[in-house]
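As structure tokens, the structure follows; a few thoughts come after it.
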Amino acid sequence: MNLLDALLGEHGPLRHQIDALKLAAPNLGAAELRAAALALAEGIESHATLEDELLFEPLLASGRVPAGPVEAMLQEHRQIEALLGDLLAPAAEAGRGDPQRTVLRLVETVRHHFDHEENVLFPLAAGALTAETLAAAGERWAERRSVELRPPISAA
Ligand SMILES: [Fe+2]
Ligand SMILES: [Fe+2]
């Protein structure tokens, strides 16, 4: 499986989750927002970790794409982690701004980030890395996600 297809597939449910969070947020108190952010954080952070390790760092090391766009994606991962960290901070530390505004910033940052990956970075990677490299990275993705890739079952 091509790693880019796997990462694109992960964007689908994450987009649904952040859209649901944006809809629900105005009716949630601070503690409920933290619980919702906690549920979202694992999915977003594990996705970003796999992207860093399996795609962005090898892409930078290949020297086959300009470093700027890849470094911008890595930096956006850190921004998203910081926003999630603000939302998850215990109430005593919650003097870090209005959690409702932080949720809105998180939603907009993640949406923009996914758009940028899907429209710029993934096509750039598809042009710079061979199909074999992307397939091998897809196998590592499957191992990390504990899913077994199987060949198609023939109907004959
Ligand atoms: Fe990303
Ligand atoms: Fe992504």
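If you want my numbering, it's the position in the sequence shown, counting the first as 1, plus 1392.
Glycine included, every Cβ here is placed at the ideal spot set by N, Cα and C.
Note that this is a predicted model, so its numbers are computed, not measured.
Relative to the C-alpha of residue i, which residue among the options is closest?
i	options	result
L1466	D1397, E1509, I1545	E1509
L1400	A1427, E1443, A1464	E1443
I1436	L1475, R1542, P1482	L1475
H1408	R1503, F1514, R1537	R1503
L1496	L1415, G1404, E1473	L1415
Considering only their Cβ atoms, is the gap separating residue j from residue i smaller than 9 Å?
i	j	result
E1441	Q1471	Here the sequence assigns Thr to residue 1441, which means Glu is not the residue at that position. Not a contact, by the Cβ cut-off of 9 Å.
P1461	L1516	yes
Q1492	A1417	yes
L1480	R1426	yes
S1454	A1520	yes
Residues in its own chain within less than 6 Å of residue i by CB, not counting five upstream and five downstream?
i	result
D1397	none
H1469	A1440
A1484	Note that A1484 scores a pLDDT of 49, beneath 50, so its modelled location is shaky and nothing firm can be said.
Check for me: the alpha helix (DSSP H) holding residue i runs from which residue to which?
i	result
E1494	At residue 1494 the sequence reads Thr, which differs from the Glu that was named. Start and end: 1491-1508.
S1546	S1546 -> no alpha helix (DSSP H), and no H or E assigned at all.
Excluding five sequence neighbours on each side, which residues of the same chain lie with their C-beta closer than 8 Å to the C-beta of residue i?
i	result
L1452	A1459, V1462, E1463
Between residue i and ligand 1, is the CB less than 8 Å from at least one heavy atom?
i	result
A1520	no
H1504	no
E1424	no
A1440	yes
Hey, is residue i close to ligand 2, as in C-beta under 8 Å from one of its heavy atoms?
i	result
E1531	no
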